[in-house]
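Engineer:
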Amino acid sequence: MARFVRSDGGYNQPTTVGIPVAASQTINVGDIIQITAASGLASAAIASSTTVVGVAQNAITTGASPTAQDIVYIIPAEDNVFRVAYSGTTKTSIAQADLYGTLFNLANKTTVNLDNTTGGMCQIVGYNNAQQTADVVFAVAKKV
Numbered sequence: 000m001a002r003f004v005r006s007d008g009g010y011n012q013p014t015t016v017g018i019p020v021a022a023s024q025t026i027n028v029g030d031i032i033q034i035t036a037a038s039g040l041a042s043a044a045i046a047s048s049t050t051v052v053g054v055a056q057n058a059i060t061t062g063a064s065p066t067a068q069d070i071v072y073i074i075p076a077e078d079n080v081f082r083v084a085y086s087g088t089t090k091t092s093i094a095q096a097d098l099y100g101t102l103f104n105l106a107n108k109t110t111v112n113l114d115n116t117t118g119g120m121c122q123i124v125g126y127n128n129a130q131q132t133a134d135v136v137f138a139v140a141k142k143v
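Per numbering that gives the first Met the number 0, the sequence shown runs over residues 0 to 143.
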């Protein structure tokens, strides 16, 4: 589960934005959210997502035909830092040298993949190896 850490945009409290959800989605609080290219609707992020827009603040499950009321509220990725779990099999911890420059991929909707940096979107700005968490800034592909 990702959670808000701080805003680099000058806001004391995070803002939220509502986005219509794609069909057949199960989204939980703290899931990283992407926009699907084909529909422009929100869905839970997947491994190597490149269209991350924020982190879900409500849980929602949609059926095959979502309605206008099927909305996920997110804290937008832009100008915000989120604490996210990380995983890796080859690379199992974060070092000071990983901060600020390396962009890691997602492993799934709640976890950063330390083994994959090809086309990554997750810039690490802080970490706790004991808890296996990273403070992450997402490279924003879609502004909401």
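Positions of the beta carbon are idealized from the N, C-alpha and C atoms, including for glycine.
Check this for me: beta carbons of Gly17 and Ile70, under 7 angstroms apart or not?
Structural biologist: Locating residue 17 in the sequence shown gives position 18, counting from the first residue. Locating residue 70 in the sequence shown gives position 71, counting from the first residue. Cβ distance < 7 angstroms, so Gly17 and Ile70 count as in contact.
Engineer: Could you spell out where the beta strand (DSSP E) holding Ile163 opens and where it closes?
Structural biologist: This structure gives no information on residue 163, because the portion of the chain shown stretches from 0 to 143.
Engineer: DSSP three-state label for Asp97, please.
Structural biologist: Here residue 97 is taken as the residue at index 98 of the sequence shown, counted from 1. Asp97 falls in the helix class under three-state DSSP.
Engineer: The beta strand (DSSP E) that contains Leu102, what's its start and end?
Structural biologist: The sequence position of residue 102 within the sequence shown is 103, counting from 1. From DSSP, the beta strand (DSSP E) with Leu102 extends over 102 to 107.
Engineer: So, helix, strand or coil for Val28, using DSSP?
Structural biologist: For this step, residue 28 is matched to residue 29 along the sequence shown. In the structure shown, Val28 sits in coil (DSSP, three-state: anything other than H, G, I, E or B).
Engineer: Touch check for the stretch 52 to 65 and the stretch 84 to 94: three-plus C-beta pairs under 8 angstroms?
Structural biologist: No, the stretch 52 to 65 is not in contact with the stretch 84 to 94.
Engineer: According to DSSP, is Asp69 helix, strand or coil?
Structural biologist: In the sequence shown, the residue the question calls residue 69 occupies position 70. Residue state, collapsed to three classes: coil.
Engineer: Taking buried to mean at least 16 other C-beta atoms within 10 Å of its own C-beta, is Gly62 buried or exposed?
Structural biologist: Here residue 62 refers to the residue found at position 63 of the sequence shown. Flag for Gly62 reads exposed.
Engineer: Which term fits Gly100, buried or exposed, when burial requires 16 or more other beta carbons within 10 angstroms of its beta carbon?
Structural biologist: Within the sequence shown, numbered from 1, the residue matching residue 100 stands at position 101. Exposed: under 16 other Cβ atoms inside 10 Å.
Engineer: Taking only three categories from DSSP, how would you classify Tyr139?
Structural biologist: For the purposes of this step, residue 139 is taken as residue 140 along the sequence shown, with counting starting at 1. Position check: residue 139 holds Val in this sequence, whereas Tyr was assumed. If DSSP states are grouped into helix, strand and coil, Val139 belongs with coil.
Engineer: Since Val83 is in the beta strand (DSSP E), which residue starts that stretch and which ends it?
Structural biologist: Position 84 of the sequence shown, counted from the first residue, corresponds to residue 83. Taken as a continuous stretch (DSSP letters only), the beta strand (DSSP E) holding Val83 covers 79 to 86.
Engineer: What is the DSSP secondary structure of Gly53, reduced to helix, strand or coil?
Structural biologist: By one-based count along the sequence shown, residue 53 stands at place 54. In this structure, Gly53 counts as strand in the three-state DSSP scheme.
Engineer: Got a sec, what are the start and stop residues for the beta strand (DSSP E) Val124 sits in?
Structural biologist: Stepping through the sequence shown from its first residue, residue 124 is reached at position 125. Val124 -> beta strand (DSSP E) spans 121 to 127.
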